[in-house]
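Engineer:
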Amino acid sequence: MRVEEFGLGHTFHISGIVMDSFYSGFAGYVDLEVMQEDLNYSEHNINLLLLKIRPGEYNNVIDDIELIISGNLGDNFTYINLNQTFDDNPQLLLKQLVLVLLYLSCFYLFSRI
C-alpha cells in the first residue's frame, strides 16, 4: 500500500504493522498482505486506528465511538475490539514456551548420551 501524506511530497510504502501487545518493548511484525488475507479485505480496504481506552471505561465510551464512526465515516466503517486477542497472547506464548523448553530438555538429554 502506498501513501502520500504529511505534505512532504514523499510516497511511503506500508508493508506491515508492528504491534506490541504487552506494552513491554517486544514487538511483533504482521505483514499487511497476510493480515488482509486473514481478515478477508481487499488491497485498499484497511484503515486502522488504535485507541487505548482506560480500564473499565470501554462500556461507557463504545456508544460514542460508534456514533463518531457512523456520523463521520459512514456505514462502511466499523470497529473491532482486540482486547480478547491481546489477553489471549500470554496464554499462547506460555504454551509455546513450554514446548520450546521441552524440546530443549530432550535435546540436552539425548546429546549427553
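Heads up: the sequence shown begins at 3 in the working numbering, then just goes up one per residue. Quick reminder that beta carbons are idealized off the backbone N, C-alpha and C, glycines included. Remember, predicted model here, so these are calculated numbers, not experimental data.
1) Can you give me the C-alpha to C-alpha distance between P57 and C108, rounded to a whole angstrom?
2) Would you report the Cα separation of I55 and L103, rounded to the nearest angstrom?
3) Would you list the one or two residues that DSSP bridges to D33?
4) Should N74 be listed as close to the ligand NAD, given that the test is whether its C-beta is under 7 Å from any heavy atom?
5) Tell me the residue span of the alpha helix (DSSP H) that contains G73.
6) What is the residue span of the alpha helix (DSSP H) that K54 lies within?
7) For V63, which of Y81, L96, L95 and F88 has the nearest alpha-carbon?
Structural biologist: The structure says:
1) Position 55 of the sequence shown, counting from 1, holds the residue named residue 57. Position 106 of the sequence shown, counting from 1, holds the residue named residue 108. Whole-angstrom Cα-Cα distance: 42 Å.
2) Numbered from 1 along the sequence shown, position 53 holds the residue referred to as residue 55. Numbered from 1 along the sequence shown, position 101 holds the residue referred to as residue 103. Computed Cα separation, rounded: 36 Å.
3) Translated into positions along the sequence shown, residue 33 becomes position 31. The partner list for D33 (beta bridge, DSSP) reads G18.
4) The ligand NAD is not part of this structure, which contains no ligands at all.
5) Translated into the one-based positions of the sequence shown, residue 73 becomes position 71. Y60 to L75 is the extent of the alpha helix (DSSP H) around G73.
6) Along the sequence shown, one-based indexing puts residue 54 at 52. Run containing K54: none; DSSP gives neither H nor E here.
7) If you number the sequence shown from 1, residue 63 lands on position 61. The shortest Cα separation from V63 among Y81, L96, L95 and F88 belongs to Y81.
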